[in-house]
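Student: First the structure, then my questions, so here it is.
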Amino acid sequence: MTTWLASLGAWTIGAVALLGHAARFFLRLCAALPAACLRPRLIVDQLHFIGNRSLSIIGVSGLFVGFVLGLQGYYTLQRYGSAEALGLLVALSLVRELGPVVAALLFAGRAGTSLTAEVGLMKAGEQLAAMEMMAVDPVARILAPRFIAALIAMPLLAAMFSAIGILGGWAVGVGLIGVDAGAFWSQMQAGVDVFKDVGNGVIKSAVFGVICGFIALYVGHESQPTPEGVARATTTTVVASSLAVLGFDFILTALMFGAT
Amino acid sequence: MLWRDPVKSNRWIDVMVGGFVLLGLAALLFLALKAANLGSFSSGPAYEARARFDNIGGLKVRAPVKSAGVVVGRVASIGFDDKTYQAVVSLSLDERYRFPKDSTVKILTSGLLGEQYLGIEAGVEDKMIGAGETIAMTQSAVVLENLISQFLYSKAADGGKKE
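Chains as they are written, first to last, in the working numbering: chain X, 1 to 260; chain R, 1001 to 1163.
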């Protein structure tokens, strides 16, 4: 009984300590952001690494998610004789939920892991320690530009995902099935609000960018400086980012759309 | 990555990142303009008119106001007057379109179970509705429950006569 209690207590203390440590790291990262903004060169390099290299997976996934939404949405809607609402269904589900969430999950897998591995290997190779020896703050020089790049890239990637998905839904719905093109677009435009739907989607994806970027960098920075440690850290990044994105998505959805 | 020719690679990366950001902004623009029709009607100059209804049914703020099927405005706000127990709907109508004073405003439904919208049927008078004026002639929403109960009552009354 006491051992059980002790393990519960140890787990709780460990969890709180981890939370506090992560929060302090987050504040340190935020404090280093202005310094990083003075070096746009580093941010641009990271944008290329994080953003451009994620384009293909985001584009292809968005296209196929749009295809599938078009097919499945039509199947359900035509039972109720409202196949014209297909555009609205595709656009709303992409802009509000699927765009930000799926793009964030892909982003965590594609860019988050590489950030973790990069930072983890820098730590294992004692590059971060060497920088500190030279009075260069590794948080400002290495981590903050990556964080800013993730924050910028995520909303753009999510918007591309949604836009390509809508085009995919249009290709299947209008091109393949033969839903009326005018009704497809007009229903969509009548039902999608710029600020309430598109704007909240952008806010969501920016939050997901913060989450994915922070978790990837934190886990990489705190990884064990061994090959196994880096491997474990990469796995942790994917699992933790995905769960955090899904959890925060529920909270954000409840806050944004729950009242209406 | 560190051992590439710095001048050439920097320029190339700049171009690539510029393309990436441009693509992202284009996607946002597409979502705002094509998927959500920003500015197609919301930003034009408009004037307000009011109408009172006994029952507005399921009318919502931002519902379209149509005349002859063309969208000419939106519902700006819906309020309740506790003196007359009527709903006060203010309409934001496009500056380009003017309607005679004796026009009728109806609450209509698109399709059997669709969204409700306002329909304006133009009158014949020469004077036009100005900003802030109240449109006198209105027709309330058709509430399906009332229709059904009326139908049932009339059926019951008919049945009573026959027996």
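Glycine is no exception: its CB is placed at the ideal position from the N, C-alpha and C atoms. Predicted, not measured: the structure shown is a model, and the values here were computed from it.
1) Can you grab the Cα-Cα spacing for the pair MET1137(R) / LEU1093(R), in whole Å?
2) Who are GLU1121(R)'s beta bridge partners in DSSP?
3) Can you tell me which of the three DSSP states LYS1127(R) falls into?
4) Got a sec, what are the start and stop residues for the alpha helix (DSSP H) PRO155(X) sits in?
5) Start and end of the beta strand (DSSP E) containing MET1137(R)?
6) Name, in chain order, the residues that DSSP records as bridge partners for GLY1079(R).
7) Compare the C-beta of ASP1014(R) against all C-beta atoms of chain X and say whether one is closer than 8 Å.
8) Look at the Cβ atom of VAL172(X), then the Cβ atom of GLY70(X), and state whether they are nearer than 8 Å.
9) Does chain X have any CB closer than 8 Å to the CB of SER1024(R)?
10) Excluding the 5 residues preceding and the 5 following ILE177(X) in the sequence, name in chain order all residues of the same chain whose CB lies nearer than 7 Å to its CB.
11) Only counting the same chain, and skipping five residues up and downstream in sequence, which positions put a Cβ closer than 7 Å to that of ALA1131(R)?
12) Should ASP265(X) be flagged as near chain R, meaning a C-beta pair shorter than 8 Å?
13) Three-state secondary structure (DSSP) at PHE1053(R)?
14) Could you tell me the distance, in whole angstroms, from the CA atom of GLN1150(R) to the CA atom of PHE1053(R)?
15) Is GLN1116(R) helix, strand or coil by DSSP?
16) Measure the C-alpha to C-alpha separation of PHE248(X) and VAL207(X) and round it to an integer number of angstroms.
Tutor: According to the data block:
1) Numbered from 1 along the second sequence, position 137 holds the residue referred to as residue 1137(R). Numbered from 1 along the second sequence, position 93 holds the residue referred to as residue 1093(R). Roughly 17 Å between the two C-alpha positions.
2) Here residue 1121(R) refers to the residue found at position 121 when the second sequence is read from its first residue. Note: GLU1121(R) sits in a beta bridge opposite THR1104(R).
3) Start at 1 with the first residue of the second sequence, and residue 1127(R) comes out as number 127. The answer is coil: DSSP assigns LYS1127(R) none of H, G, I, E or B.
4) As a working note, residue 155(X) is residue 155 in the first sequence. Here the alpha helix (DSSP H) through PRO155(X) covers 144-170.
5) One-based indexing of the second sequence puts residue 1137(R) at position 137. Here the beta strand (DSSP E) through MET1137(R) covers 1137-1139.
6) If you number the second sequence from 1, residue 1079(R) lands on position 79. GLY1079(R) pairs with VAL1088(R).
7) Here residue 1014(R) refers to the residue found at position 14 of the second sequence. Judged by the 8 Å Cβ criterion, ASP1014(R) is in contact with chain X.
8) Within the first sequence, numbered from 1, the residue matching residue 172(X) stands at position 172. Within the first sequence, numbered from 1, the residue matching residue 70(X) stands at position 70. Against a cut-off of 8 Å, the Cβ pair of GLY70(X) and VAL172(X) comes out as a contact.
9) Residue mapping note: residue 1024(R) aligns to position 24 of the second sequence, counting from 1. Strictly speaking, residue 1024(R) in this sequence is Gly, with Ser absent from that position. Yes - at least one Cβ of chain X is within 8 Å of the one on GLY1024(R).
10) The residue given as residue 177(X) occupies position 177 in the first sequence. If we look at ILE177(X) and ignore the five residues flanking it on each side, its Cβ neighbours are TYR74.
11) For the purposes of this step, residue 1131(R) is taken as residue 131 along the second sequence, with counting starting at 1. Hits under 7 Å: TYR1047, GLU1048.
12) For residue 265(X) there is no data in the structure shown, the boundaries of chain X being 1 and 260.
13) Counting from one through the second sequence, the residue named residue 1053(R) turns up at place 53. Three-state result, PHE1053(R): strand.
14) Residue 1150(R) sits at position 150 when you count from the first residue of the second sequence. Residue 1053(R) sits at position 53 when you count from the first residue of the second sequence. Each residue's alpha carbon lies about 21 Å from the other.
15) For this step, residue 1116(R) is matched to residue 116 along the second sequence. The answer is strand: DSSP assigns GLN1116(R) an E or B state.
16) What you label residue 248(X) is simply residue 248 of the first sequence in a count that begins at 1. What you label residue 207(X) is simply residue 207 of the first sequence in a count that begins at 1. Their Cα atoms are separated by approximately 9 Å.
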